[in-house]
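Engineer: With my numbering as the guide, the letters of the first sequence map in order to residues 23 to 366. Positions of the beta carbon are idealized from the N, C-alpha and C atoms, including for glycine. Note that this is a predicted model, so its numbers are computed, not measured. Starting off with a structure, shown below.
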Amino acid sequence: MNNLLTKHILGGLENREKFQIDLLEWFDSHQRDLPWRNNSSLYKTVISEFMLQQTRVTTVIPYFENWIEKFPDFKSLASAKEEEVLKAWEGLGYYSRARNLHKLSKIVSTWDSFPTDAKSWQSLPGIGPYIAAAITSISFNQTEAVCDGNVVRVLTRILACGEQFKDGSVAQKKLRPHAQKLLNIQRPGDYNQALMELGAIVCHRQSPSCTTCPVQVYCTSGKQGDPERFPVLAKKKKSFQKIKRFWIESNDSLLLQKPKEGENKLVGIYELPKGIELEISKKGKILAVKKRTIGQVEFEESIYLTSLTQECDLNRYNMEWIKWENLNNITLSGPHRKWIEELK
DNA sequence: AATACGGGGTT
DNA sequence: AACCCAGTATT
């Protein structure tokens, strides 16, 4: 593993420099026109990196455009209400990213200037090794290599690294030193983006376009014709879970549940209520059965039509009546909004 | 070291 | 429908 690079053609300095130049030239002429690349700024880079974490470019674009219009800079974001911030994130998923971004903006808005080193950035909420390297390389020209899922895929293919990793984040940790060694120190931000762009539009997980790849001559698996074998990630165990949720209507309102401050990560996101079996008159008929997967857990959620007992303490279950006309003003997770639209 | 956190892509 | 994929925080 450690001598993976020294045995490879990219172990030599000259080849490494040619590789970097070929990649950068390709990036200069083939990079996608993306909203955060127009009139780019530190703020736009931070927002886009938060949004792009675990999320594809095509999904992010409309959210990014809307976000920049609504919160054009750190100060406007910092002074926004949490509900407003979550609302702008609705449907994007991983809502703690939005809360962390909000916290971060409140912190940096008090600063006179920004730190330029990755370590300082990584101490901010929601910023780990990947975003810290991305921001400081792109915005401050720091020689910090990013190592995200794209980079893991591209590098394991170039190196034909067949080591099995327990999961993606283990692979990232192991490959980061190699990524760092390959980094172009003149244009670290562009080089980092180039490698990720290559992973996104050429070196696909399935059916990579090796014939159009600008660095195929350096790619061991590409030349062998077996790039899809890499990276080798261990399979994960799955589990199943059944959940009962309840559809309770009254006075032009729907009963929804919103976890309170500090209870869990779904703070501020409404859902159809669950865990209230003791507070309903009878279970009622099943309106729908929905399936979705969160992480390694496959959920089967049955939605029962029912009504509430007289004595139910809504507060105890963090429940609220939401008038139909106010449904669009609150934040629901993507699936819950879809389910409610279907069933109402 | 393992798990929680959502959503979406491809076949 | 079944499979796969993505960073950070927390435990």
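Apart from the five residues on each side of it in sequence, which residues of its chain come closer than 8 angstroms, Cβ to Cβ, to W89?
Structural biologist: Around W89: I69, M73, A110.
Engineer: Suppose the cutoff is 7 angstroms on Cβ atoms and the five residues either side in sequence are ignored; what does the same chain contact list for F49 look like?
Structural biologist: D212, Q215, A216, E219.
Engineer: I need the boundaries of the alpha helix (DSSP H) containing A154, first residue and last residue.
Structural biologist: Element bounds for A154: 151-162.
Engineer: Looking at C-alpha atoms only, which residue of K196, I316, L294 is the closest neighbour of K260?
Structural biologist: Checking every option, the nearest Cα to that of K260 belongs to I316.
Engineer: Indicate the three-state DSSP secondary structure (helix, strand or coil) for F136 in the structure shown.
Structural biologist: DSSP places F136 in coil when its eight states are reduced to three.
Engineer: Tell me the DSSP secondary structure of K266 in three-state form.
Structural biologist: Three-state DSSP puts K266 in a strand.
Engineer: Helix, strand or coil for Y326 per DSSP?
Structural biologist: Y326: strand per DSSP, three-state reduction.
Engineer: Sort A167, K92, R209, I207 by Cα distance to P199 and report the nearest one.
Structural biologist: Nearest of A167, K92, R209, I207 to P199, Cα basis: A167.
Engineer: Going by CA-CA distance only, name the one from A102, Y240, D134, D139 that's closest to F162.
Structural biologist: Among A102, Y240, D134, D139, the Cα nearest to that of F162 is on D139.
Engineer: When the Cα atoms are used, what is the spatial distance from R338 to P281?
Structural biologist: Their Cα atoms are separated by approximately 11 angstroms.
Engineer: For the region 53-128, list the alpha helix (DSSP H) runs that are entirely contained and at least 4 residues long, ordered along the chain.
Structural biologist: Complete alpha helix (DSSP H) runs here, min 4: 64-74, 79-92, 96-101, 104-111.
Engineer: Can you name the start and end residues of the alpha helix (DSSP H) that I223 belongs to?
Structural biologist: Residues 210-223.
Engineer: Alpha carbon to alpha carbon, how far is E285 from F252?
Structural biologist: Confidence in E285 is poor, its pLDDT being 44 and thus under 50, which makes the residue's placement too unreliable to answer from.
Engineer: Classify K196: buried if its beta carbon has 16 or more other beta carbons within 10 angstroms, exposed otherwise.
Structural biologist: Per the 10 Å Cβ criterion, buried.
Engineer: Which of the three DSSP states is assigned to S275 in this structure?
Structural biologist: Of the three classes helix, strand and coil, the one that applies to S275 here is strand, per DSSP.
Engineer: Please determine, among K345, E299, H52, Y65, the residue with the shortest C-alpha to C-alpha distance to K128.
Structural biologist: It is Y65.
Engineer: Could you tell me if P84 is buried or exposed, where buried requires 16 or more neighbouring beta carbons within 10 angstroms of its beta carbon?
Structural biologist: Classification of P84: exposed, given that the 10 Å Cβ count is below 16.
Engineer: Tell me which same chain residues have a C-beta within less than 8 angstroms of the C-beta of P230, skipping the five on either side of it?
Structural biologist: Counting only Cβ-Cβ distances below 8 angstroms, and skipping sequence neighbours, we find R179, V224, G244, P249, E250.
Engineer: Checking the sheet assignment: what are the DSSP bridge partners for E320?
Structural biologist: Looking at the DSSP assignment, E320 forms a beta bridge with F262, T315.
Engineer: Helix, strand or coil, according to DSSP, for E293 in the structure here?
Structural biologist: In the structure shown, E293 sits in a strand (DSSP, three-state: E or B).
Engineer: According to the neighbour-count rule (16 or more other Cβ atoms, all chains shown, within 10 Å of its Cβ), is V319 buried or exposed?
Structural biologist: By the neighbour-count rule (16 or more Cβ atoms within 10 Å), V319 is not buried but exposed.
Engineer: Just curious, the beta strand (DSSP E) that W343 is in, first and last residue?
Structural biologist: That run of the beta strand (DSSP E) goes 341-345.
Engineer: What's the C-alpha gap between I149 and L205?
Structural biologist: Taking the straight line from one Cα to the other gives about 21 angstroms.
Engineer: Per DSSP, what kind of secondary structure is E285 in: helix, strand or coil?
Structural biologist: Its pLDDT being 44, under 50, E285 is placed unreliably in this model, and the value from its coordinates should be taken loosely. The answer is coil: DSSP assigns E285 none of H, G, I, E or B.
Engineer: Using the beta-carbon count (16 or more within 10 Å), is Q42 buried or exposed?
Structural biologist: Counting Cβ neighbours within 10 Å, Q42 comes out buried, since at least 16 surround it.
Engineer: With DSSP run on the structure shown, which of helix, strand or coil describes V239?
Structural biologist: Three-state DSSP puts V239 in a helix.
Engineer: Measuring alpha carbon to alpha carbon, tell me which residue in I352, S324, H226 is nearest L365.
Structural biologist: Closest by alpha carbon: S324.
Engineer: Please confirm whether W361 and S275 have their CB atoms less than 8 angstroms apart.
Structural biologist: Contact flag unset, no.
Engineer: Would Q76 pass as a contact of Y117 if the rule is Cβ separation under 8 angstroms?
Structural biologist: No.
Engineer: Sorted by chain position, which residues of the same chain lie with C-beta nearer than 8 angstroms to T67's C-beta, five sequence neighbours on each side aside?
Structural biologist: Around T67: W58, A156, I157, I160, S161.
Engineer: Using a Cβ-Cβ cutoff of less than 7 angstroms, which residues in the same chain neighbour R38 once the five nearest sequence positions on both sides are dropped?
Structural biologist: Within the same chain, R38 has close Cβ partners L32, L204.
Engineer: With DSSP as the reference, label I302 as helix, strand or coil.
Structural biologist: It is a strand residue.
Engineer: Considering only DSSP beta bridges, list what F187 is partnered with.
Structural biologist: BP columns for F187 point to L255.
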